[in-house]
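Asks: Sharing a structure, written as structure tokens. Questions coming.
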Amino acid sequence: MPTLVADEPTTPPATLKPLPGWSSQPPELAVLEVDESASEVASEVALPVLEEELVADRLPPFPVPWRHPIQCALWIVRTLFGLASLTLLLAVAAAVPIVNFWVLGYLLDVEGRVARSGKIRASFPLLGLAPRFGSIVLGVWLCVLPLRLLAGAATDAQLIDPGGAGGWKFALFVTKWGMAAHLCLALARGGALSCFFRPIKNVRWLLARWRDRDYWVRASTAIGQFLSGLNARPYYSAGWRGYLGTAAWLFIPSALYGSMHDPDKPAQVLVMLTGGVGLWLTLMWAPLLQARFAAENRVMAFKELGAARELFRRAPFAWLFAIVLTYLLALPMYLFKAVSPPQDAMWFITILFVVSIFPTKVALGWAYGRSIRRTERAWWPWRWLCKIVLGILVAIYVFILFFTPAIGEHGRRVLFEHHTLLLPVPF
3 MPTLVADEPT
13 TPPATLKPLP
23 GWSSQPPELA
33 VLEVDESASE
43 VASEVALPVL
53 EEELVADRLP
63 PFPVPWRHPI
73 QCALWIVRTL
83 FGLASLTLLL
93 AVAAAVPIVN
103 FWVLGYLLDV
113 EGRVARSGKI
123 RASFPLLGLA
133 PRFGSIVLGV
143 WLCVLPLRLL
153 AGAATDAQLI
163 DPGGAGGWKF
173 ALFVTKWGMA
183 AHLCLALARG
193 GALSCFFRPI
203 KNVRWLLARW
213 RDRDYWVRAS
223 TAIGQFLSGL
233 NARPYYSAGW
243 RGYLGTAAWL
253 FIPSALYGSM
263 HDPDKPAQVL
273 VMLTGGVGLW
283 LTLMWAPLLQ
293 ARFAAENRVM
303 AFKELGAARE
313 LFRRAPFAWL
323 FAIVLTYLLA
333 LPMYLFKAVS
343 PPQDAMWFIT
353 ILFVVSIFPT
363 KVALGWAYGR
373 SIRRTERAWW
383 PWRWLCKIVL
393 GILVAIYVFI
403 LFFTPAIGEH
413 GRRVLFEHHT
423 LLLPVPF
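The opening residue of the sequence shown carries number 3 in our numbering; numbering runs sequentially from there.
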């Protein structure tokens with residue numbers, strides 16, 4: 003079992019006590035007991051540093067360039083390919099309804115890993131699995147490319163000489179089924195990029211499996227290992243629970259804020275203003291509540307507003323930076339809500355949403371980890387300064403949101419989407 007430790011506090015050592023609600027079995031968790039004047043946190047937060055979790059899905063150490071130049075170049079290539087593959091995987095999944103809850107769960111896991119460990123290198127779960135997905139996409143695309151060229155030539159031949167295009171059609175038929183068999187064998191062997199360019203070895207592998215009568219076992223094992231590595235069940239669970247917990251805070255003020263139909267009626271204006279104030283307050287604290295849920299994986303964390311306020315008091319500048327970054331990167335994405343693209347082109351836009359939301363989750367997790375490792379509140383003038391600045395900036399964000407239904411294709415429904423806190427999709 004990995005040993006769980008807490009960072010050394012800058013103030014005099016605090017007393018360690020076990021976190022209530024956890025069993026006596028290892029791993030042992032410890033929390034810092036703070037001064038009573040700063041103890042509005044309802045349940046002190048554990049600081050587990052899960053080494054198994056970090057080693058498996060974090061960036062590998064960067065080699066020293068002047069000592070290992072070749073290894074450094076390979077590290078850069080592998081990392082860039084892995085990050086590109088991971089972004090593509092998340093973008094494709096986010097474009098599919100229901101599946102996009104898996105993406106939300108992944109992003110919450112990123113936030114929770116950084117919050118618990120305090121290390122940005124820990125914010126890349128599935129980084130070891132993503133290159134295989136990228137290899138499959140690249141291999142399939144390269145293999146299908148000649149087939150598309152042949153299909154285009156057969157179509158041209160049919161237009162030029164309808165009676166003499168039989169040879170092209172037969173060649174297209176044979177190539178299509180041969181390529182389908184080749185792709186199935188490449189995927190059954192594990193989907194490595196080399197498998198897509200070695201058809202003879204694929205056939206030999208199939209004959210060997212046929213002799214040993216273990217084709218289905220080998221193929222199902224290779225595919226099953228890939229699918230199980232996606233952590234579908236825990237990410238789906240975290241995505242649904244995180245969505246419902248955050249939406250419970252956002253739904254009522256968003257509905258009130260978008261309820262005005264006639265500005266000449268004072269009652270509707272008053273309801274709209276009430277919703278605007280409620281949405282302003284909610285958007286100030288919702289990121290902290292969601293970060294607490296991501297770090298502890300407890301739905302009840304969404305009810306602990308007092309704990310969220312205490313977290314802000316301990317690291318106000320960190321939270322100011324993280325929340326402002328969250329809403330600053332969210333604003334440009336509203337421009338992509340103006341026109342709904344075709345469903346098959348949705349993944350291209352979701353790439354931009356994933357790229358803009360991912361760093362905000364890292365920043366919020368970093369702010370949470372920074373605040374939880376501090377045992378004392380920040381100086382009160384700094385706390386109030388950050389609150390005032392944050393309140394002004396979030397008020398500007400809410401004011402801009404008032405005009406988004408005018409440019410959004412779905413009208414007032416735009417006010418309920420909140421892609422930076424809910425599903426990372428434009429529609």
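Glycine residues also receive a C-beta, built at the ideal position from the N, C-alpha and C atoms.
Which class does E298 belong to by DSSP, given the choice of helix, strand or coil?
Replies: Helix.
Asks: Drop a sphere of 10 angstroms on the beta-carbon of T284, count the other beta-carbons inside from all chains shown, and report buried for 16 or more, exposed for fewer.
Replies: Answer is buried; the Cβ neighbour count reaches 16.
Asks: If the criterion is Cβ atoms closer than 9 Å, does the pair S117 and L275 meet it?
Replies: Residue identity check: residue 117 is Ala in the sequence provided, not Ser. No, the pair does not count as a contact, with Cβ atoms beyond the cut-off.
Asks: Does the region 219-229 come close enough to the region 178-196 to have 3 or more Cβ pairs within less than 8 Å?
Replies: Because the criterion of three Cβ pairs below 8 Å is met, the region 219-229 and the region 178-196 touch.
Asks: Check the C-beta distance from L112 over to F405 and give it rounded, since I have them as a contact under 8 Å.
Replies: It should be noted that the sequence gives Val, not Leu, for residue 112. V112 to F405, Cβ: 31 Å. No contact.
Asks: With a CB to CB cut of under 8 Å and the five nearest residues on each side skipped, what residues in its chain are close to F350?
Replies: The residues are A93, P343.
Asks: Going by the C-beta, is Y259 closer than 8 Å to any heavy atom of the ligand MG?
Replies: Because no ligand of any kind appears in the structure shown, any question about the ligand MG cannot be addressed here.
Asks: What span of residues does the alpha helix (DSSP H) with L90 cover, start to end?
Replies: Here the alpha helix (DSSP H) through L90 covers 71-96.
Asks: Here's a check: name, in chain order, each residue in its chain whose Cβ is nearer than 7 Å to the Cβ of E411, leaving out the five neighbours to either side.
Replies: Result list for E411: K339, A340, V341, S342, in chain order.
Asks: Would you report the Cα separation of W382 and A296, rounded to the nearest angstrom?
Replies: Answer to the nearest angstrom: the Cα atoms are 28 Å apart.
Asks: Considering only C-alpha positions, which residue in the set P67, W384, P127, F175 is nearest to A317?
Replies: Checked all of P67, W384, P127, F175; the closest Cα to A317 is W384.
Asks: Where does A132 sit, in a helix, a strand or coil, going by DSSP?
Replies: A132 falls in the helix class under three-state DSSP.
Asks: Among D163, L424, L131, which has the Cα closest to the Cα of L91?
Replies: When only C-alpha atoms are compared, the closest one is L131.
Asks: With F304 and L313 assumed to form a contact (beta carbons below 8 Å), what rounded beta-carbon distance in angstroms separates them?
Replies: Contact flag wrong, Cβ pair sits at about 14 Å.
Asks: Please report the distance separating the alpha-carbon of K389 from that of V98.
Replies: Taking the straight line joining both Cα atoms gives about 38 Å.
Asks: Do Y370 and R294 have their C-beta atoms within less than 9 Å of each other?
Replies: Yes; because the gap between Cβ atoms is below 9 Å, this pair is in contact.
Asks: Smallest Cα separation from V105: which of P148, R235, R379?
Replies: It is R235 whose Cα lies nearest to the Cα of V105.
Asks: Going by CA-CA distance only, name the one from P265, V271, Q270, T328 that's closest to A288.
Replies: Considering only alpha carbons, the answer is T328.
Asks: Run the CB neighbour count on G241, radius 10 Å, all protein chains shown included, and call it buried at 16 or more, exposed below.
Replies: G241 is buried by the Cβ-count criterion.
Asks: Less than 8 Å between the CB atoms is what I'm expecting for A96 and P426, so what's the real figure, rounded?
Replies: Confirmed, about 5 Å.
Asks: Answer yes if the region 389-401 comes into contact with the region 134-146, meaning at least three C-beta pairs across the two stretches below 8 Å, and no otherwise.
Replies: Touching, no, given that fewer than three Cβ pairs across the two stretches are closer than 8 Å.
Asks: For the putative contact between W321 and S373, defined by C-beta atoms under 8 Å, what is the C-beta separation to the nearest angstrom?
Replies: So it is a contact: roughly 7 Å between Cβ atoms.
Asks: Look at L152 and L174 and say whether their C-beta atoms are less than 9 Å apart.
Replies: Cβ distance < 9 Å, so L152 and L174 count as in contact.
Asks: If you scan the region 300-388 from start to end, which runs of the alpha helix (DSSP H) of 4 or more residues do you find wholly inside it?
Replies: Qualifying alpha helix (DSSP H) stretches, in chain order: 307-316, 318-332, 348-374.
Asks: Can you give the Cα-Cα distance for L109 and E419, rounded to whole angstroms?
Replies: Taking the straight line from one Cα to the other gives about 16 Å.
Asks: Could you tell me how far apart the beta carbons of T89 and V279 are, in whole angstroms, since I believe they sit closer than 8 Å?
Replies: No, T89 and V279 are not in contact; Cβ-Cβ is about 37 Å, not under 8 Å.
Asks: Beta-carbon within less than 7 Å of K178's beta-carbon, same chain only, minus the 5 sequence neighbours each way: which residues are those?
Replies: Within the same chain, K178 has close Cβ partners L149.
Asks: Is F66 helix, strand or coil when you go by DSSP?
Replies: Note that residue 66 corresponds to Val in the displayed sequence, not to Phe. If DSSP states are grouped into helix, strand and coil, V66 belongs with coil.
Asks: I'd like to know whether the C-beta atoms of L258 and L281 end up nearer to each other than 9 Å.
Replies: Yes, these two residues count as a Cβ contact at 9 Å.
Asks: R215 by DSSP, collapsed to three states: which one?
Replies: Coil at R215, not helix or strand.
Asks: On a Cα-Cα basis, can you pick out the residue from Y399, F64, S87 that is closest to I78?
Replies: Here the closest residue by C-alpha is F64.
Asks: State buried or exposed for H421, treating a residue as buried only when at least 16 other CB atoms are found within 10 Å of its CB.
Replies: That one is buried.
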